[in-house]
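S.K.: Numbering-wise, this note's numbering puts 155 at position 143 of the sequence shown, and it's gapless, one number per residue.
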Amino acid sequence: MIEALPILFVLFFSVVLHEYAHGWVAYRLGDPTANDAGRLTMNPIAHVDIVGTIIIPLALVISKSGFLFGWAKPVPINPSYFRKPMIGMAITGGAGPASNLLLALAVALFLRFAGGLVGDGMVAQMLVYGIVINVVLAVFNLVPIPPLDGSRVILPFLPQSLARFYFELEPYGMFVVIGLLVTGILGRIIFPFVGILRAVYFSVAGI
Numbered sequence: 013m014i015e016a017l018p019i020l021f022v023l024f025f026s027v028v029l030h031e032y033a034h035g036w037v038a039y040r041l042g043d044p045t046a047n048d049a050g051r052l053t054m055n056p057i058a059h060v061d062i063v064g065t066i067i068i069p070l071a072l073v074i075s076k077s078g079f080l081f082g083w084a085k086p087v088p089i090n091p092s093y094f095r096k097p098m099i100g101m102a103i104t105g106g107a108g109p110a111s112n113l114l115l116a117l118a119v120a121l122f123l124r125f126a127g128g129l130v131g132d133g134m135v136a137q138m139l140v141y142g143i144v145i146n147v148v149l150a151v152f153n154l155v156p157i158p159p160l161d162g163s164r165v166i167l168p169f170l171p172q173s174l175a176r177f178y179f180e181l182e183p184y185g186m187f188v189v190i191g192l193l194v195t196g197i198l199g200r201i202i203f204p205f206v207g208i209l210r211a212v213y214f215s216v217a218g219i
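(1) Suppose the cutoff is 7 Å on Cβ atoms and the five residues either side in sequence are ignored; what does the same chain contact list for PHE205 look like?
(2) Would you mind giving the Cβ-Cβ distance between ALA45 and ASN112, rounded to the nearest angstrom? I have them listed as a contact below 8 Å.
(3) With a CB to CB cut of under 7 Å and the five nearest residues on each side skipped, what residues in its chain are close to ALA217?
(4) Within its chain, find whatever has a CB closer than 6 Å to the CB of ALA33; leave out the 5 residues flanking it on each side and keep chain order.
(5) Just mark MET101 as buried or exposed, buried being the case when its beta carbon has 16 or more other beta carbons within 10 Å.
(6) What span of residues does the alpha helix (DSSP H) with TRP36 cover, start to end?
(7) Kindly indicate the opening and closing residues of the alpha helix (DSSP H) around GLY106.
(8) Could you give the first and the last residue of the continuous alpha helix (DSSP H) run that contains TYR184?
(9) Once the 5 residues before and after ASP61 are set aside, which same chain residues still bring their CB inside 7 Å of it?
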């Protein structure tokens, strides 16, 4: 359990950055909701979700599942502030996964050009996990099932009837996601993409 603490720290930082990115991009597009709610911050306390940030990651570590992910409390976004609400939702939705991919790239570049500074110990292991965890978070969140970010990214491209269905599905979407996770279906869908991206980032990192 103690050995897993650095990995949990990486996950915690990554999901907080993910939600901050949503709020920051929404703010830049004219929506002050996250800022007014005190969520436009990297203070982790503001973003903790008991289930997604604590219970699920700990359960995965204790069960030695070999797969680690989680989520933070979603930042509030009001699309009525956007000049084009659907486009604004797509951009803010994509900001979270984009932040994870950029963080993974930053870590990979650090390992490539300055990896010798950290050697082969715990810090190096944390950095490698930083790549893997952020790739998993990005791919997982891009699955187009509400309330995951992928459902928002594709909204502008959906016919109105299907977009309305997506909005109606959102209150139940997380149950669908959990069901797909438990049955292993979601893993079979996302792991090929995770594997490809991980190989690309590891190549950049030179590992």
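Virtual Cβ for every residue (Gly too), placed ideally from N, Cα, C. Just so you know, these numbers come straight off a predicted model, no measurement behind them.
M.R.: If we stick to the structure as given:
(1) VAL151
(2) The displayed chain sequence assigns Thr, not Ala, to residue 45. Actually they are not in contact, since the Cβ atoms of THR45 and ASN112 sit about 22 Å apart, beyond 8 Å.
(3) ALA120, LEU123, ARG124 and ILE143
(4) ALA107, GLY108 and SER111
(5) buried
(6) For TRP36, the enclosing alpha helix (DSSP H) stretches over residues 17 to 40.
(7) Where GLY106 is concerned, the enclosing alpha helix (DSSP H) stretches over 97 to 126.
(8) In the DSSP annotation of this structure, the continuous segment of the alpha helix (DSSP H) that includes TYR184 starts and ends at 172 to 194.
(9) TRP83, ALA84 and LYS85
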